[in-house]
Amino acid sequence: MRIIIALIVTTNILFMQGFLHVDDGQIVEGNGNPILLKGFGLGGWLVPEGYMLHNRAWIEGFESPTEIENHVLDLIGPELAEEFWDGWHKNYVNKNDIDAIAEWGFNSLRIPFHYKQFSETIGTVNDYGYEIVDSLIAWCRPHNMYLILDMHCAPGAQNSGPISDSDGNANLWLDEVNKQHAIQIWSDIATYYAEETLIGGYDLINEPVLPSGVTSEELRQLYIDITNVIREVDQNHIIYIEGNWYGTDFTSLTPPWDTNMSYSFHKYWGSTSIATINYLLNIREEYNLPLWLGETGENSNQWYHEIVTLCQNNNIGWNWWTHKKFEKISSPLSVVISEEYNNLIDYWSGQAPQPTPEQAQEALFGMIENMKIENCLVNPGVLPSLLNPDYGSTAVPVKNHSIPGMIKAVDYDIGAVGVAYNDADYMNDGDGSYNSGWTYRNDGVDIEKNGNNTNGIDFSVGWTEPGDWMQYTINDVQEGMYDIKLSIAGQGGGVINTLLNEINLGYNTVPNTGGWYNWQTITISDVIIESEPQYLKIMTLQPGYNIESIEFILVEDLQGDVNLDGTVNVTDVVQMVNIILEGSDDFNDLADLNNDFLINIVDVLLLLNLILNQ
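Taking numbering that gives the first Met the number 0, the leading residue of the sequence shown gets 0, the next gets one more, and so forth.
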């Protein structure tokens, strides 16, 4: 009894010093205050994945970490390959990345690792993994950002897919040596980090998928065996348990076997309704242990917003996959792929001859230079969809648009569907679609690379459907009369409706321009615009066109058109007299007919003469 009491006292003291832990069904900090984990999984960094390294369909034989490493080795040899991977690890994630993630508003990170980084064979220790995690801890400490260690590739592979670095078989479950190796690694990690308060816990096995003949009870037993060796040296850290079938099936994983554990589920695609997680909420209610969405993403910004809302409304922490990919729109940051690297992709996909070692070196080392956060592109809208509580109700401009000026069609506002834009297909609900172009922005709006960017515009909106619309908030506005020019292309029959501040400016039929990138101009003439924020909406009534830009061109002002109705008449005299009588501070240069920077009776007389002489 004294031993148990001593253990409880010691554990409580350690928790008070700052360990993330479980208390009364919640994840709390050392001081006992609940914390909602909001984080990124640093995917692709320590465990490279083929689909994240190029912007095409997966290339067979270029998917798993080992396959990717072998391809690099074949191209540039062992010495340069070692140098390349060292640069990869230094540039993919470093202090600048961690500082940025913290500044964005995240409080945690999930660290996917390959078991070989901690122990290549059973009974051995590899210092490399510890050195990397130690560096992360140093970068995270100023931000008090928690690190959750995730065995992403277990010995022998926990599923048969490339994400576990499998040879096609989930041999973790078929070989006792692999199980013992996994147990040893977690024992070593727990021993090393037992007193580290920034370690937010241990995610024991990523996305297990049990092969035929292996029962869920065997999954449970391995989890218990790992937990036992961890608890021999570490009472402080949360243990996260993922369900079978990629973190979704928790059969046999209840009741819990530890009081300081959390059930971690993964969720991609599909519905965002509460019905999809009710079975998880029932587990939490029955056993009073917290839930954690350990991995999600790979969808549209709208889906992100709905999932975050679902989690936060139900007090579930979440972790996004991932902060950086190669020319992908679904993460905050996108690594620019060079022409040289595209040549490598062509070779790996069987569409080009093998490059010389010199060409391969240039492509690969140029790529790792592009991986630095300062060289990445920012995908508009991803971070607001995760962090902005007003994302679902308020549209904000993606850029500072001006009138007069030109607005690119792809630079519509940031916000939810029905708020900043509308599109019939705006999330992947299981059919794999939501965006036909897969470039520039991660919304339902279908954006493609401009096939004829003679105007210096790289992207255009296409695949328009009835009911689609985009809104543009314009804050920098000069009053005046404008022609609005829509740069469009198509095969005829499309109908565009243009609205400004919800005022209908008319319907325009798109002519046959002779191609989807043969741009012509539709002009809406003589639109009076006042110097206040404007809200432009481009709406599709009938499909069959692409749109490139919207330009506001100031028409020559009519001197004396004080009320901006496009004509000079007695109503302008009345307006001018009112200006003089009211002593308004707002100077109207159209009322200053003699250009003396005063509006007075002289201007009234000049205006009357102007009207009489018309």
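Even for Gly, the Cβ is constructed at its ideal location relative to N, Cα and C.
Computed from a prediction, not measured in an experiment: that's the story for all the values here.
CA-CA distance, residue i and residue j?
i, j, result
"G296", "N314", "18 Å"
"Q116", "N125", "6 Å"
"N227", "L52", "38 Å"
"W268", "Y390", "20 Å"
"N158", "P207", "6 Å"
"N281", "P289", "11 Å"
"D63", "P161", "For the record, residue 63 in the displayed sequence is Ser; it is not Asp. Going from the Cα of S63 to the Cα of P161 covers about 4 Å."
"R219", "D23", "23 Å"
"L19", "Y192", "13 Å"
"I528", "T570", "18 Å"
"S261", "K484", "57 Å"
"K398", "V418", "17 Å"
"E447", "E547", "10 Å"
"T522", "L504", "11 Å"
"E284", "A274", "15 Å"
"L203", "W256", "14 Å"
"W518", "N511", "10 Å"
"M0", "D233", "In this prediction, M0 has a pLDDT of 28, which is less than 50 and means its spatial position is unreliable; nothing more can be read from the coordinates."
"L607", "D595", "18 Å"
"G582", "V572", "15 Å"
"S384", "E68", "34 Å"
"A651", "W319", "Residue coverage of the chain in this structure runs from 0 to 613, which leaves residue 651 outside it and unanswerable."
"T254", "E216", "For the record, residue 254 in the displayed sequence is Pro; it is not Thr. P254 and E216: Cα-Cα distance of roughly 12 Å."
Could you work out which residue in the options is closest to residue i when comparing CA atoms only?
i, options, result
"G86", "Y286, L45 and E357", "L45"
"D166", "E175, G155 and L36", "G155"
"T196", "L146, I600 and Y481", "L146"
"G212", "I413, C152, V176 and A169", "A169"
"N95", "I402, I121 and S134", "S134"
"G128", "Q490, L292, D187 and C310", "D187"
"Y433", "Y411, T463, N452 and F83", "T463"
"N421", "D442, I487, Y245 and A137", "D442"
So residue i is in the beta strand (DSSP E); what residue range does that whole segment cover?
i, result
"E596", "Note on residue identity: the sequence assigns Phe, not Glu, to residue 596. Taken as a continuous stretch (DSSP letters only), F596 belongs to no beta strand (DSSP E), as it is neither H nor E."
"P111", "S107 to H113"
"G514", "N511 to I528"
"Y544", "Y544 to L553"
"W468", "W468 to V476"
"G76", "Counting along the chain, G76 falls outside any beta strand (DSSP E), though it belongs to the alpha helix (DSSP H) covering P64 to Y91."
"N496", "V494 to L499"
"N318", "G316 to W320"
Thinking C-beta only, is residue j closer than 8 Å to residue i?
i, j, result
"L540", "Y506", "yes"
"G466", "Y544", "no"
"M469", "V509", "no"
"M538", "N496", "yes"
"G242", "K37", "no"
"Y425", "Q301", "yes"
"V554", "N587", "no"
"N451", "F458", "no"
"N593", "L605", "yes"
"P403", "F551", "yes"
"L108", "F61", "no"
"E339", "G365", "yes"
"N205", "D149", "yes"
"R230", "I328", "no"
"E478", "S530", "yes"
"C152", "H180", "no"
"I473", "Q533", "yes"
"N427", "S299", "yes"
"A408", "V476", "no"
Sorted by chain position, which residues of the same chain lie with C-beta nearer than 8 Å to residue i's C-beta, five sequence neighbours on each side aside?
i, result
"Y346", "P352, Q353 and P354"
"D591", "L597, I598 and D602"
"P331", "W103, H322, K323, V377, N378, V381 and L382"
"I578", "V561, N587, A590 and I598"
"H88", "W44, L45 and I131"
"V526", "M480, Y481, D482, I483, L499 and L504"
Hey, could you find the ends of the alpha helix (DSSP H) residue i is sitting in?
i, result
"V21", "Not the alpha helix (DSSP H): V21 falls in the beta strand (DSSP E), residues H20 to D22."
"A359", "P356 to N369"
"C139", "D126 to C139"
"I229", "S215 to V232"
"W185", "E175 to Y192"
"K94", "K94 to W103"
"L540", "Looking at the DSSP string, L540 is not in any alpha helix (DSSP H); the run it does join, the beta strand (DSSP E), is Q533 to Q541."
"M260", "Premise fails: M260 lies in the beta strand (DSSP E), M260 to Y267, not in any alpha helix (DSSP H)."
Give me, in chain order, the residues of the same chain whose beta-carbon lies closer than 7 Å to that of residue i; leave out the 5 immediate sequence neighbours on both sides.
i, result
"I182", "D224, I225 and V228"
"L79", "Q360"
"V71", "A80, F83 and L363"
"I372", "N95, D96, A99 and L332"
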